[in-house]
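First the structure, in the form of structure tokens, and then the observations on it.
There are 2 protein chains.
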Amino acid sequence: MLRVLRQHGAQSRNEIAARVGLSRTTVSEITGDLLGRGVIRVVDTDAVERVGSGRPAERLALDPASGQYMGVDFGHRRVNVLVADAAHDIIASGTSRYEESAQWPERLDAGLALIERLSNDTGVHYGALQAIGVGVPGWGDRSRADGVAEVFAERFHAAVIVDNNVRFAGLAEALHAQTDSVRDLIYLRLSDGVGGGLVVGGQLARGSNGYAGELGHVTAVPGGDQCRCGKRGCVETVASVPAILGRCRRLGVPMESLDDLKAAVDIAHPVVDEVLREAGTAVGRMLGTAAMTLNPSEIVLGGDIVEIAPALIRQVTSTVTYELSWLTDAAPVIRPALLSDESGALGAIAALFHESPLLAGYEANVTTDGGRQWP
Amino acid sequence: MLRVLRQHGAQSRNEIAARVGLSRTTVSEITGDLLGRGVIRVVDTDAVERVGSGRPAERLALDPASGQYMGVDFGHRRVNVLVADAAHDIIASGTSRYEESAQWPERLDAGLALIERLSNDTGVHYGALQAIGVGVPGWGDRSRADGVAEVFAERFHAAVIVDNNVRFAGLAEALHAQTDSVRDLIYLRLSDGVGGGLVVGGQLARGSNGYAGELGHVTAVPGGDQCRCGKRGCVETVASVPAILGRCRRLGVPMESLDDLKAAVDIAHPVVDEVLREAGTAVGRMLGTAAMTLNPSEIVLGGDIVEIAPALIRQVTSTVTYELSWLTDAAPVIRPALLSDESGALGAIAALFHESPLLAGYEANVTTDGGRQWP
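Protein chains in written order, with our numbering: chain H, 688 to 1062; chain X, 688 to 1062.
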């Protein structure tokens, strides 16, 4: 019952009974006991949204003071922090920026300073902090992940999990999807780099070495531009934001930022349009293969460029749709991300609510402080 | 404890204790009770394989008479049947051929006649038949799958599951893998068609509509040869056995069968070698993207051509290896299938032993006869 409340937030006794499969009478007995012990409390009634007659039902939730969960997302140029209480309400949030050239000690300092500032601003003292989820860019650098986990575990005496921040963002998208039952989803983010996250069969996929969803380094153009990974012609060399801006410049269109790109798109600049369509074709082919492999019900595209460049998205959609055209009942919904910059931190918190079936079998880097049971 | 015996076959009391996490004393008490009730029996001792001194330990197994499980694999030109007892021993097996043009009623008749013949030959009367797994070619034709399930359920009064036979073959490969712990595996079969099966995060993946692993219809050559799926240039148009034979013929090399291909490979025919390398490159690019998506620990290649055409496999291996070269610790093992023609039927039986963690959350077509509990 506590798991239901932790996972789904405030619920009426009838909703709880339906979810746990117990009778209404039994649920009332148990909630009476939990209310008496102060573990849960009545938060409101369903009067507002209630359809039909009858007495409004009380909605119960975990006592927010009984736990806090922190999500931290270190991006290339900023760190986001969210703190949620046990009722799933966000009780503090903030962002701090740093230079892209900033090294890890500096990034960590920025994150920790932000967390302290949030405490001063909101009065949240992290006294009930149960666990911290930290998203970091990149994959597989186990020693860095361990180092980050240790810093947070020592500072807050809480359990810490560390994983790729794009994967966490994909998890957040799956949890916020239009339907309750997205069991197969591909998330792709086009940003300074290109990364992804997968939900397969209702679970966040990690792969055998933690690299599942590394979609930016699929070869899109054999023999193409040199990629930072050492190969040539990766999706990232065609469809990352720097790659798109650079390609426009090489074709004679001055362009330094997403604002410049937006201005060019607004006047339907033919060269820019062509560059975006080429990028969309490369992304679409890669996603077509990934979708043929996984048969997802949703493909989610994230990153600021998604809002700016509809031509790119149209091209992705038509390429993927063609690839899956013969599977008439299998066309996935292809949609922009619902969550924006905070999705990594939200996903990190979601990963802490480990009871989600999406995380069955999930094993990220976990560091536990000796005195605390995880989770 | 019964689950351990069903899943792992004969075990000593110490092995059982280790697997279920109970003390040796408790396990002995429970096995004593089960032996008394005839549910399990002593099958042998570990004397032969025993290292070191000490009294040989008895090995216990489910009483084979307590259940039978049937796997049926309908291919394009033959049906395979395997029957296992509750101790996982194969107690009957056979194959019956039909023309590729045979329609479903004829194929079903061939399968049922084979099953009856096996009974006459072996004395197995299917009296303890608990469940039947049926593999069929192709994907997604739900009404055919339902029809096949009904025929078997009515005939044998047993629970029936029906799924794609290549997916079942992939499951069998994962279960027979070199290590116990293959949680992420891609299986690809190059045959009359090209199909695949996936294990992701320790589970057989189906996708949102049952198409996961449909790797033969990824576009390999944009604008290439017409494929039976309606698209052009699919992997199947380049790397299926008929596609390879046809391409050789078009390049002036007479070739009608895998035997002809083998003869050409044996004399290192340069045109044939080039055709095989082209096919390998197409398969390798597709598998490279699939492997970047899923980060599997193993990629398994099945189909008779795998043994005949090492040049194809070398090309697949080098293409996939290049694609994953920057993930230095993530190179998957790429290997030929361990199981041959019977793998579909073996996988179908494995799917019936539903307790395997590989099948957590697995939902195939399931038909149950009213009088019998499933599973």
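For every residue, glycine included, the Cβ atom is placed at its ideal position computed from N, Cα and C.
When you compare only the Cα positions, how much space is there between residue 838(X) and residue 804(X)?
18 angstroms
Residue burial classification, residue 698(X) (beta-carbon count within 10 angstroms, cutoff 16)
buried
C-beta neighbour in chain X for residue 949(H), strict 8 angstroms:
no
Which residues does DSSP list as the beta-bridge partners of residue 757(H)?
770(H), 819(H)
Separation of residue 927(X) from residue 1065(X), as counted between CA atoms:
This structure cannot settle anything about residue 1065(X), because the visible part of chain X is limited to 688 through 1062.
In or out: residue 788(X) buried (at least 16 other Cβ within 10 Å) or exposed?
exposed
In angstroms with no decimal places, state the Cα-to-Cα distance between residue 1022(X) and residue 1036(X).
23 angstroms
Counting along the chain, where does the alpha helix (DSSP H) carrying residue 1030(X) start and finish?
1030-1039
Mind checking who residue 699(H) pairs with in its DSSP beta bridge?
746(H)
Interface residues of chain X around residue 976(H) at Cβ under 7 angstroms?
905, 973, 976, 977
Based on the DSSP output, what are the partners of residue 851(H) in its beta bridges?
823(H)
What residue range is occupied by the uninterrupted alpha helix (DSSP H) comprising residue 718(X)?
711-723
Measuring straight from C-alpha to C-alpha, what distance separates residue 1007(H) and residue 934(H)?
23 angstroms
Sequence-distant residues of its chain with Cβ nearer than 6 angstroms to residue 731(H) (five each side left out):
746
Hey, residue 902(X) and residue 922(X): beta-carbon distance below 8 angstroms or not?
yes
Restricting to runs no shorter than 3 residues, where is the beta strand (DSSP E) found entirely within the region 976-1020 of chain H?
985-989
Backbone secondary structure at residue 689(H) - three-state DSSP:
helix
Less than 8 angstroms between CB atoms is the rule here; does residue 706(X) satisfy it with respect to chain H?
no
Please report the residue range of the alpha helix (DSSP H) in which residue 831(H) lies.
829-843
8 angstroms Cβ cutoff met for residue 998(H) and residue 960(H):
yes
Strictly under 8 angstroms for the Cβ-Cβ distance: is residue 882(H) near chain X by that measure?
no
Using a cut-off of 7 angstroms between C-beta atoms, extract the partners of residue 870(H) located in chain C.
Looking at the structure shown, chain C is missing, and the protein chains on hand are H and X.
Contacting residues, own chain, Cβ-Cβ under 6 angstroms from residue 949(X) (five flanking each side not counted):
995
Cutoff 8 angstroms: residue 1043(H) Cβ touching any chain X Cβ:
Only weak support is given to the placement of residue 1043(H): the predicted model assigns it a pLDDT of 48, under 50, and the question is left unresolved by the model.
To the nearest angstrom, how far is it from the Cα of residue 767(H) to the Cα of residue 914(H)?
28 angstroms
I need the boundaries of the beta strand (DSSP E) containing residue 873(X), first residue and last residue.
872-877
I need the DSSP call for residue 1063(H), collapsed to helix, strand or coil.
Since the first residue shown for chain H is 688 and the last is 1062, residue 1063(H) is missing from the structure and cannot be characterised.
Does any residue of chain H have a CB that is nearer than 8 angstroms to the CB of residue 1002(X)?
no
Chain X contact for residue 808(H) (CB, 8 angstroms cutoff)
no
Residues of the region 1001-1027 of chain H with Cβ closer than 8 angstroms to any Cβ of chain X, in chain order
1009, 1010, 1012, 1013, 1014, 1016, 1017, 1019
Are three or more beta carbon pairs between the region 936-944 of chain X and the region 973-985 of chain X nearer than 8 angstroms?
no
Contacts that residue 901(H) makes with chain X (C-beta to C-beta distance below 9 angstroms):
979, 980, 982, 1014, 1017
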